[in-house]
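All remarks here apply to the structure that follows.
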Amino acid sequence: MTVEAHKETMEFQAEVSQVLNLVIRSLYSNKEIFLRELISNASDAAEKLRFEALSDDALFEDDPNLRIRVWTDKEAGTLTVADNGIGMTRDEVMDTIGTIASSGTRKFLENLSGDAAQDSQLIGQFGVGFYSAFIVADKVTLTTRRAGMEPEHGVRWESTGEGSYSIETLEKPERGTEITLHLREDEKEFLDGWRLRQIINKFSDHLTIPIEMPKEAMGEEEEDKNPETEWEQVNKGVALWMRNKSEITDEEYQDFYKSISHDFEDPLAWVHNRVEGSNEYTSLLFIPSKAPFDLWDREQKHGVKLYVRRVFVMDEADKLMPHYLRFVKGVVDSDDLPLNVSRELLQHNRKIDTIRSANVKRILGLLEKMAKNEADKYQKFWTEFGKVLKEGPAEDFANKERVAGLFRFATTKSEGDGQVVSLDEYVERMAEKQEKIYYLTADSLAAARNSPHLEIFKKKDIEVLLMTDRVDEWLMSHLNEYKGKSFQSVTKGQLDLGDLENEEEKEQLEKVAEEHKPLLERIKETLGDKIKDVRVSSRLVDSPACLVVDEYDMSQNLARVLKQLGQDAPMPTPIMELNLEHPLVERLEQEKEDPRFAELVHLLYDQSLLAEGGQLEDPAGFVHRLNRLMLDMSKA
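Residues 1 to 636 (UniProt numbering) make up the sequence shown, in order.
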């Protein structure tokens with residue numbers, strides 16, 4: 001069968017052009033990483049072929065020895081990286097290189113500041129892969145053919161990285177991918193064989209796929225196509241995770257992390273374990289220093305690779321790590337799983353469940369140790385990944401309390417915006433008769449600190465946790481207690497301070513409520529279905545009124561968060577609480593004229609709603625009432 005060759009010139013997707021420009025501008029000072037990225041891609045292609053060939057060994061095409069080859073042509077000024085891995089079809093080339101499929105890419109680009117140093121860090125989180133070739137090349141030529149297809153299905157892709165690329169079909173006898181970089185005039189250092197070996201040894205020594213270069217004895221290393229070329233392996237080809245921990249330097253761990261994660265920064269921490277017995281495996285897990293740009297993308301993939309007896313089986317193995325630890329990168333290499341393990345098989349595999357459980361405990365242990373011994377480093381982790389970790393109690397019931405012990409919160413007693421405390425610290429300094437852990441959720445720290453609901457707690461010197469992340473409302477619906485102490489929202493239900501409140505205070509409140517019952521009923525009648533009830537407050541000290549919800553109702557803050565997320569969440573009908581000692585309430589009780597009474601009551605309600613961070617249904621009406629009141633005061 002003959003395939004008609006055709007060549008097309010096509011425009012890059014707009015996002016690709018932006019990334020290309022950014023790569024060239026921002027990564028120039030770290031340009032040697034282009035070789036790491038291209039070799040890493042070649043290794044992935046070889047591993048994917050090895051995995052697919054488990055069920056179809058014809059894909060090897062009588063060439064089962066997988067390899068990556070690197071060579072230069074000094075006369076032509078080119079550097080080539082080639083693999084005999086899985087290769088690509090024409091459509092795969094266009095989808096992989098001509099577009100960026102990730103839905104988070106636009107968000108990544110929107111985060112760019114124009115500051116080269118900051119943007120290069122963002123790129124490190126993004127992972128530039130193939131596009132890194134344009135750091136050192138003014139033209140890149142890629143030829144490829146997918147394993148199992150006929151030679152005439154080869155593809156050539158070429159671009160100068162300036163907005164467009166050409167793509168054509170061609171005859172390619174060998175499977176796999178060959179990338180030729182036409183080096184810029186000032187990048188000829190990468191034609192030096194010793195320099196290339198140095199980079200490969202630094203970044204890619206651990207890859208199990210052999211990386212070969214022409215033997216140095218041949219001199220110029222300028223021809224790969226010569227069938228007499230002698231090749232030598234330049235990487236050790238020993239999986240780093242299989243080596244003894246005592247023999248691995250921190251720098252080797254850091255370089256390995258960068259290779260598998262495509263990150264440019266050193267990891268924050270790592271843990272390396274070998275487990276023997278009925279379920280033998282090795283795990284090497286890393287915690288990044290920076291959150292990836294797509295951490296909140298629904299399509300974001302997990303970062304743990306699965307190997308079986310040093311053979312790569314699966315990337316982004318989400319069954320090896322729970323979703324709330326999706327930021328963890330690393331590898332798990334099992335001696336006991338079948339080589340043809342599938343994602344479906346992982347769903348119901350006891351060995352995988354055991355590995356996953358152990359992975360979680362190791363990461364939590366690593367974080368606990370960091371929190372105890374390296375507070376500054378842990379604070380850096382919490383700033384980057386704290387919101388994700390808060391998903392843990394809902395997802396991981398078995399480790400709910402252990403995960404909660406890693407949480408950090410601002411409180412009414414923390415001084416600066418950045419000062420946070422653990423739940424253990426909170427419990428340790430609870431008041432003598434305090435039985436509950438009190439908390440308040442709000443849109444911002446300023447709103448939380450100034451909430452009227454905190455007034456009685458400040459007066460009695462009771463510490464309250466201040467929660468301002470969107471995820472906090474959802475978190476608290478799954479976290480009911482910690483170390484035997486139940487959580488209590490200060491904005492829900494009838495406030496009960498237990499033994500912190502004496503009987504005399506309770507009796508006095510009941511007496512006052514009975515004495516002012518006509519006022520409470522009159523306010524309730526005036527506000528109608530806006531409120532569920534009106535009662536005397538035990539919360540308020542300085543404010544005239546506040547709004548609360550019943551203990552088991554959705555909080556008003558959660559309802560607002562859900563609405564912001566586009567969900568149709570009905571606002572709960574609140575209860576209005578009054579501070580009868582406040583001058584405004586005393587003035588209200590004296591008002592006999594119904595229209596004016598109603599004006600004041602509605603103003604008090606709107607004021608309470610605003611203090612909660614809520615939105616007025618009728619802002620103009622609120623302004624008119626306030627203006628009329630101010631005019632009346634000026635006439636008095």
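From the three backbone atoms N, C-alpha and C, an ideal C-beta is built for every residue, glycine too.
Asked, Found
"Can you look up V238 in the DSSP assignment and give me helix, strand or coil?", "coil"
"Applying the criterion that 16 or more other CB atoms from any shown protein chain within 10 Å of the CB defines a buried residue, is V490 buried or exposed?", "buried"
"Quick one: complete alpha helix (DSSP H) runs, 4+ long, within the stretch 319 to 404?", "343 to 347, 350 to 373, 375 to 389, 392 to 395 and 400 to 404"
"By how many angstroms is the C-alpha of I287 removed from the C-alpha of D294?", "16 Å"
"My output table needs one value for V271: the three-state DSSP class, helix, strand or coil.", "strand"
"Taking the Cβ atom as the reference point for each residue, do S444 and A371 lie within a distance shorter than 9 Å?", "no"
"Any chance you could list the alpha helix (DSSP H) runs of at least 4 consecutive residues sitting entirely within the UniProt domain \"Histidine kinase/HSP90-like ATPase\" (30 to 187), in chain order?", "33 to 52, 90 to 93, 105 to 110 and 116 to 126"
"For A410, write down the residues that DSSP places opposite it in a beta bridge.", "L466"
"Between the alpha carbons of residue 638 and R408, how many angstroms are there, rounded?", "No information on residue 638 is available, as it lies outside the stretch 1 to 636 that the chain covers here."
"What ranges does the alpha helix (DSSP H) occupy inside the stretch 186 to 210, keeping only unbroken runs of at least 4 residues that lie completely in it?", "193 to 203"
"Under DSSP, the beta strand (DSSP E) around residue 672 begins and ends at which residues?", "Lying outside 1 to 636, the shown extent of the chain, residue 672 is not represented and no answer is given."
"With distances taken Cα to Cα, identify the nearest neighbour of P619 among L629, L285, E612 and L603.", "L603"
"Quick check on DSSP: helix, strand or coil for W296?", "coil"
"How is S246 classed by DSSP in three states: helix, strand or coil?", "helix"
"Assign F312 to one of three DSSP states: helix, strand, or coil.", "strand"
"From the DSSP output, read off the bridge partner residues of residue 639.", "Outside the shown range of the chain (1 to 636) lies residue 639, about which nothing can therefore be said."
"According to DSSP, simplified to helix, strand and coil, what is Y482?", "strand"
"Determine, using beta-carbon pairs with one atom in the stretch 61 to 81 and one in the stretch 151 to 171, whether at least three such pairs fall under 8 Å.", "no"
"Take every Cβ of the stretch 37 to 47, pair it with every Cβ of the stretch 79 to 97, and state whether three or more of those distances are shorter than 8 Å.", "yes"
"Can you check whether the CB of A410 is closer than 9 Å to the CB of T468?", "yes"
"Can you determine whether any heavy atom of the ligand HEM sits closer than 8 Å to the C-beta of V512, and answer yes or no?", "The ligand HEM is not among the ligands present in this structure, which contains no ligands whatsoever."
"Which residue marks the beginning of the alpha helix (DSSP H) containing K506, and which one marks its end?", "E503 to E515"
"What residue range does the alpha helix (DSSP H) around K459 cover?", "E455 to K459"
"Give the straight-line distance between the Cα atoms of T141 and I200, rounded to the nearest whole angstrom.", "21 Å"
"I'd like to know whether the C-beta atoms of L519 and Y605 end up nearer to each other than 9 Å.", "no"
"Which whole-angstrom value describes the C-beta separation of L475 and A448, a residue pair presumed to lie in contact below a C-beta threshold of 8 Å?", "Their Cβ separation, rounded to whole angstroms, is 15 Å, which puts L475 and A448 out of contact at 8 Å."
"Starting from R535, trace the beta strand (DSSP E) in both directions and tell me its first and last residue.", "D533 to V536"
"Would you mind reading off the limits of the alpha helix (DSSP H) that contains A545?", "Segment A545 to V548 is the beta strand (DSSP E) holding A545; no alpha helix (DSSP H) there."
"Where I363 and V308 are concerned, what is the direct C-alpha to C-alpha distance, given to the nearest angstrom?", "22 Å"
"Measuring straight from C-alpha to C-alpha, what distance separates residue 659 and I97?", "Since the first residue shown for the chain is 1 and the last is 636, residue 659 is missing from the structure and cannot be characterised."
"In terms of residue numbering, what span does the alpha helix (DSSP H) encompassing L540 cover?", "No alpha helix (DSSP H) contains L540, which DSSP labels as neither H nor E."
"Let's test the definition: count the other Cβ atoms within 10 Å of the Cβ of E525 and tell me whether it reaches 16, buried, or not, exposed.", "exposed"
"Would you kindly report the start and end of the unbroken beta strand (DSSP E) that includes E232?", "W231 to Q233"
"Between the Cα of S486 and those of R522, D529 and A404, spot the shortest distance and give me the residue it belongs to.", "A404"
"If you drop the 5 nearest sequence neighbours on each side, which residues of the same chain put their C-beta closer than 6 Å to that of A611?", "P452"
"When burial is assigned at 16 or more other CB atoms within 10 Å of the CB, is S537 buried or exposed?", "buried"
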